[in-house]
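Student: Going down the list, the sequences are from chains C and Z.
Numbered as in our numbering, the first sequence ends at 265 without a single skipped number.
Numbered as in our numbering, the second sequence ends at 265 without a single skipped number.
The beta-carbon is built from N, C-alpha and C at its ideal position, and this holds for glycine as well.
Computed from a predicted structure; not experimentally measured.
This is the structure I want to talk about, given as structure tokens.
2 protein chains.
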Amino acid sequence: MRMTGRFAPRLATWPIEPIVKRLRSLSVVSEAEEALVRSLAEHRERHAPGEDLITEGQSQRKPRYVVAGWAARQRVLPDGRRQIFSLILPGDNFGIAGRGAPPAPWSIVAMTAVETVDAAPLLEAAVEGRAPGLARALTAAAMEDERLLFDHMVRLGQQTAYERVAHFLLELQRRLQCTGLGDSQRFPLPLTQEILADALGLSIVHVNRTLQQLRRERLIELRSGVAILLEPQALADIAGCEVEAARPRSAAPTRRQLEASPA
Amino acid sequence: MRMTGRFAPRLATWPIEPIVKRLRSLSVVSEAEEALVRSLAEHRERHAPGEDLITEGQSQRKPRYVVAGWAARQRVLPDGRRQIFSLILPGDNFGIAGRGAPPAPWSIVAMTAVETVDAAPLLEAAVEGRAPGLARALTAAAMEDERLLFDHMVRLGQQTAYERVAHFLLELQRRLQCTGLGDSQRFPLPLTQEILADALGLSIVHVNRTLQQLRRERLIELRSGVAILLEPQALADIAGCEVEAARPRSAAPTRRQLEASPA
DNA sequence: CGTTGTGTTGAGCCGAATCAACCCCGGTGG
DNA sequence: CCACCGGGGTTGATTCGGCTCAACACAACG
């Protein structure tokens, strides 16, 4: 929705670029493999915001790639509370078998208008050994998904609202840069504060205030669905995460120290 | 440690029972397959509390089963905060490849004295098709692990301390019952309140107070490393989770209602 | 031009963290 | 034998981060 207004027009006429860029960032992809990927664009599907792409408890699993728009893996509790486990961005896949086959322990829901393509041909080629580069990319993607999941758990369990938001924005920047949808600072952010709140385990109001604070401190800017990280390094320090060329890490506000290996 | 005092003596002389019971609860296991499992006990290893079974960032992954003692999958932040992602109980495996191969995004650390056995022979037999029952059990175990991970994320992101503790105790009861280490109410709980705190994303003091409250309300009992769930159904209601034969679910304290499918 | 969804802001409250004792127990060494 | 010590559990007092409630601004839209 919002993001298409500003970012989509820059992209290729057939917006499958994010998948190609993502796969290339994960592995070496041959010409033939890239052609296979581009051929997926033949049958794509549109999904309205709020639509279930995979419903919790359902067993059918169509492996698909998101080519445009954002989705989320989530669970809704009986009383209406919702936890978003991960965001699924253009270039990400979902419904790949192998894990969580029969009754999925979560739903996948379109957060914005979403376009997906069938990933089955790609998967087949990978498992049959016809596309080793894509096979490597698939396992690399699965591993990154897993890492992101644990990162998110650390956010939920250990970090303050301020740290969570900084950490999360950095994650989105890095993931979107891989797919060419953002650069080292700017990226589309087509989410309501309610969605951010449900992802980060905070209330809407407090997400709002935290974003306000980050803006007041000139660390970020948010305008019409675009986020700008004005001080990525400062955000990384707040988030407590390693950056590629890690500077010497200063002592952070110590809380509770574990006794190391007793043995 | 504590648990061996009370529970281990009941078990078989060669304590590999938990693995067998667990696998049987996940799938149908043939005589030959069970014999294979029992043969794993040949070379087992002892680990002292605090010892790393897998170190974060390491690539070597020895697939192993825990036969006695408790371990945890965790990450420690640079400032000393720790998040425990999941507990690994007797009968659980870890280090199975396929996921998170090279730099593991977490460590696995012994919480108590732990005994493990090599799972490689079992894995080989499964992938080579020589043990279809074990293969099914392995994928079922992986799926259950995944489900538990998402359950834990809901706890961290959405539930109050009271709900988290109730939910977590119920999870432990159910998992330990599968392995024959606990019954429908009692089970060994050889964890310090600090470990519970780091798992549940709470402070030690608040875990203590929450447990006190559950005891005052006669819902649980804790004595010398053994937990007793006096009112499992009441705990399930608090935790907001489905029980096997689900009673009609009463309206829980509503917090925030999402608009359902807009499309 | 109302309506609806989203963002913003203030006031007040509450759940959970922090700080600081203190107890109990098992181990250890004089 | 007992004094000491350290780890884990318990408790009270206090602080604070984040939630709730409520109102309002603003833009998109029918």
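When the Cβ atoms of the stretch 200 to 220 of chain Z are set against those of the stretch 163 to 171 of chain Z, are three or more pairs found closer than 8 Å?
Tutor: The stretch 200 to 220 of chain Z is in contact with the stretch 163 to 171 of chain Z.
Student: Are the CB atoms of residue 111 of chain C and residue 73 of chain C nearer to each other than 8 Å?
Tutor: Cβ atoms of residue 111 of chain C and residue 73 of chain C: closer than 8 Å.
Student: Closest by CA to residue 238 of chain C, which one among C:225, C:221, C:229 and C:98?
Tutor: If we check each option's Cα against that of residue 238 of chain C, C:221 comes out closest.
Student: For residue 142 of chain Z, which residues in the same chain have their Cβ closer than 8 Å to its Cβ, ignoring the five residues on either side in sequence?
Tutor: For residue 142 of chain Z, where only same-chain residues beyond five positions count, the Cβ hits under 8 Å are 28 and 29.
Student: Straight-line CA distance for residue 117 of chain Z to residue 46 of chain C?
Tutor: Using only the alpha carbons, I get a separation of about 51 Å.
Student: Tell whether a beta-carbon distance below 8 Å holds between residue 119 of chain C and residue 216 of chain C.
Tutor: Not in contact: residue 119 of chain C and residue 216 of chain C (Cβ atoms no closer than 8 Å).
Student: Out of C:243, C:232 and C:135, which one is the CA nearest neighbour of residue 154 of chain C?
Tutor: With distances taken between Cα atoms, residue 154 of chain C lies closest to C:243.
Student: Under 8 Å, Cβ to Cβ, is there at least one residue of chain Z near residue 267 of chain C?
Tutor: Summary: the structure shown does not reach residue 267 of chain C, with chain C confined to residues 3 through 265, and so no result is reported for it.
Student: Near residue 50 of chain C, what residues of its chain come up, given a Cβ to Cβ distance below 7 Å and the 5 sequence neighbours on each side ignored?
Tutor: Cβ neighbours of residue 50 of chain C beyond the five flanking positions: 112 and 115.
Student: Rounded to whole angstroms, what is the Cα-Cα separation between residue 223 of chain C and residue 230 of chain C?
Tutor: So the two alpha carbons sit approximately 5 Å from each other.
Student: Less than 8 Å separating the beta-carbons of residue 85 of chain Z and residue 109 of chain Z?
Tutor: No; because the gap between Cβ atoms is not below 8 Å, this pair is not in contact.
Student: Quick check on residue 189 of chain Z - is its C-beta less than 8 Å from some C-beta in chain C?
Tutor: By this cut-off, residue 189 of chain Z is not an interface position.
Student: My understanding is that residue 91 of chain Z touches residue 177 of chain Z, with C-beta atoms under 8 Å, so please give their C-beta distance in whole angstroms.
Tutor: Right, the Cβ-Cβ distance comes to about 6 Å (below 8 Å), so this counts as a contact.
Student: Give the residues of chain Z in contact with residue 134 of chain C, contact being defined as C-beta atoms less than 9 Å apart.
Tutor: Chain Z residues near residue 134 of chain C: none, gap ~16 Å exceeds 9 Å.
Student: Give a yes or no on whether the minimum CB-CB distance between residue 129 of chain C and chain Z is below 8 Å.
Tutor: Taking Cβ atoms only, chain Z never reaches closer than 8 Å to residue 129 of chain C, which makes this a no.
Student: Between which two residues does the beta strand (DSSP E) harbouring residue 104 of chain C extend?
Tutor: Looking at the DSSP string, residue 104 of chain C is not in any beta strand (DSSP E), and its letter there is neither H nor E.
Student: Buried or exposed for residue 35 of chain Z, going by 16 or more other Cβ atoms inside 10 Å?
Tutor: It is buried - the Cβ of residue 35 of chain Z has at least 16 other Cβ atoms within 10 Å.
Student: Would you kindly work out how many angstroms separate the C-alpha atoms of residue 4 of chain C and residue 192 of chain C, rounded to a whole number?
Tutor: Reliability fails at residue 4 of chain C, whose pLDDT of 40 lies under 50, so the model's placement of it is uncertain and the value that follows must be treated cautiously. About 6 Å.
Student: Against chain C, does residue 159 of chain Z count as a neighbour if the rule is that its beta carbon must be under 8 Å from one of theirs?
Tutor: By this cut-off, residue 159 of chain Z is an interface position.
Student: Residues in the stretch 64 to 98 of chain Z with C-beta within 9 Å of chain C's C-beta atoms, listed in sequence order?
Tutor: Answer in chain order: 75, 77, 78, 79, 80, 81, 82, 83, 84, 85, 86 and 87.
Student: Closer than 8 Å by C-beta to residue 264 of chain C: which residues in its own chain qualify, once you throw out the five before and the five after it? Chain order, please.
Tutor: Because the pLDDT of residue 264 of chain C is 31, which lies under 50, any placement of that residue in the model is unreliable, and the question is left without a value.
Student: What residues match up with residue 78 of chain Z in a beta bridge as DSSP calls it?
Tutor: Paired residues: Z:84.
Student: Buried or exposed for residue 48 of chain C, please, with buried defined as at least 16 other CB atoms from any protein chain shown within 10 angstroms of its CB.
Tutor: When all chains shown are included, residue 48 of chain C counts as exposed.
Student: With which residues is residue 271 of chain C paired in a DSSP beta bridge?
Tutor: Only positions 3 to 265 of chain C appear in the structure, and residue 271 of chain C is not among them; the question remains open.
Student: If you scan the stretch 130 to 171 of chain C from start to end, which runs of the alpha helix (DSSP H) of 4 or more residues do you find wholly inside it?
Tutor: Those alpha helix (DSSP H) runs which fall completely within the stretch 130 to 171 of chain C and span 4+ residues are 134 to 160.
Student: For the beta strand (DSSP E) that residue 56 of chain Z lies in, which residues bound it at each end?
Tutor: From DSSP, the beta strand (DSSP E) with residue 56 of chain Z extends over 54 to 56.
Student: Per DSSP, residue 95 of chain C forms a beta bridge with which residues?
Tutor: BP columns for residue 95 of chain C point to C:67.
Student: Are there 16 or more other CB atoms within 10 angstroms of the CB of residue 185 of chain C, so buried, or fewer, so exposed?
Tutor: Under this definition residue 185 of chain C is an exposed residue.
Student: From the DSSP output, in three-state form, read off residue 41 of chain C for me.
Tutor: Reduced to three states, the DSSP call for residue 41 of chain C is helix.
Student: Let's see if you can read the secondary structure: which residues bound the alpha helix (DSSP H) around residue 196 of chain C?
Tutor: 195 to 202 is the span of the alpha helix (DSSP H), which, as asked, contains residue 196 of chain C.
Student: According to DSSP, is residue 30 of chain C helix, strand or coil?
Tutor: It is coil, neither helix nor strand.
Student: What is the DSSP secondary structure of residue 112 of chain Z, reduced to helix, strand or coil?
Tutor: In this structure, residue 112 of chain Z counts as strand in the three-state DSSP scheme.
Student: For residue 161 of chain C, count the other beta carbons within 10 Å of its own beta carbon; 16 or more makes it buried, fewer makes it exposed. Which is it?
Tutor: Residue 161 of chain C should be labelled buried.
Student: Shorter than 8 Å from the beta carbon of residue 211 of chain C to some beta carbon of chain Z?
Tutor: Not closer than 8 Å to any Cβ of chain Z, the Cβ of residue 211 of chain C fails to qualify, so no.
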